[in-house]
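Engineer: For reference, the structure I am asking about is given below.
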Amino acid sequence: MTLSNTLTRQQAATPGTTPPAARAISVTKRYGTADATVAALDDVTVSFGRGRFTAIMGPSGSGKSTLLHMLAGLDRPTSGEVFLGDTEITSLRDKRLTQLRRDRIGFIFQSFNLLPTMTAAENIVLPMRIAGRKPDADWVASIVETVGLGGRLGHRPAQLSGGQQQRVAAARALASRPEIVFADEPTGALDSRSGAELLGFLRTAVDQLGQTVVMVTHDPTAAAYADRVLFLADGRIADEMQAPSAEAVLDYMKNLGA
Ligand code: ADP
Ligand code: MG
């Protein structure tokens with residue numbers, strides 16, 4: 009057991025303290041073969057507090073998606089540790105990792121991935137039904153209310169706008185009460201008004217439902233919905249900004265020459 013592992017396990021076990029929702033400790037991810045490797049992530053240590061909304065920004069290829077995939081257990085780091093709550097996930101076997109993703113993590117991707125033959129309501133609870141879990145009706149109702157889909161639940165995806173489909177996907181991500189929701193460019197395929205609706209939903213989920221959200225975006229306006237912005241460059245965390253405004257994020261990016 010490494011020193012950092014010992015420390016974090018002790019911290020996690022200290023009475024009266026709850027661990028952050030997720031942490032990466034010295035995470036490095038290399039792609040490629042021995043003679044030609046790319047360090048998509050280079051010794052990244054970062055923590056995501058519960059009930060907080062974090063945006064991850066950075067130039068194309070800076071490692072944003074890779075970091076999200078490591079945190080979400082969709083891929084394994086070359087070295088380092090990733091904790092979800094107090095569970096170290098990089099050492100889990102594939103089956104346990106799949107279960108953990110299903111039970112404790114929510115995802116929103118750029119493409120909505122809704123099943124076309126099912127209604128919005130059916131899509132929202134589908135992952136839970138597949139897992140054999142009974143959706144908490146009150147919780148699902150509060151999500152549906154927050155996401156503003158009340159009148160659309162009986163519609164199939166083709167009868168919904170892109171923005172409404174993405175809000176169904178967001179409701180689906182939250183339906184199982186995940187400890188953390190990861191979103192990779194969730195507004196990338198939306199017009200600005202639909203994007204604002206989705207971001208408003210994520211913000212409300214954090215403020216009113218205590219949800220933890222980590223979102224990759226390249227849009228300063230989207231990042232301004234978050235409590236904190238992490239800036240990645242060349243696989244490292246270059247900087248972070250608290251209580252970001254769109255102007256401040258844009259200024260920062262301009263100064264980088266990005
Ligand atoms: P971002 O999301 O910030 O655009 P990524 O995390 O997708 O960046 O990629 C970071 C770096 O890792 C890039 O140089 C990319 O080409 C490389 N990379 C990402 N995924 C793979 C992969 N599956 N195989 C090889 N290289 C990859
Ligand atoms: Mg990406």
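In terms of my numbering, the sequence shown opens at residue 9 and continues consecutively. Where a beta carbon is used, it is the ideal one built from N, C-alpha and C, also for glycine. Being a predicted model, the structure only gives us computed values, none of them experimental.
1) Exposed or buried, what is ASP215 when buried is set at 16 or more other beta-carbons lying within 10 Å of its beta-carbon?
2) So what does DSSP say about ILE151, is it helix, strand or coil?
3) Just to confirm before moving on: does the CB-CB distance between ALA32 and SER55 stay below 9 Å?
4) Between PRO194 and the ligand ADP, is the CB less than 8 Å from at least one heavy atom?
5) Out of ARG137, ASP247 and ASN121, which one is the CA nearest neighbour of GLY170?
6) Inspect the CB distances between the segment 235-250 and the segment 181-200 and report whether three or more fall short of 8 Å.
7) Using 9 Å as the threshold, is the C-beta distance between GLY156 and GLU205 below it?
8) Work out the CA separation of GLY88 and SER37 for me, nearest whole Å.
9) Cβ-heavy atom distance between LYS37 and the ligand MG below 8 Å?
10) Give the straight-line distance between the Cα atoms of ALA254 and THR229, rounded to the nearest whole angstrom.
11) So, is LYS103 buried or exposed, given that buried needs 16 or more other C-beta atoms within 10 angstroms?
Structural biologist: Put simply:
1) exposed
2) helix
3) yes
4) no
5) ASN121
6) no
7) yes
8) According to the sequence displayed, residue 37 carries Lys and not Ser. Distance between the alpha carbons of LYS37 and GLY88: 9 Å.
9) no
10) 5 Å
11) exposed
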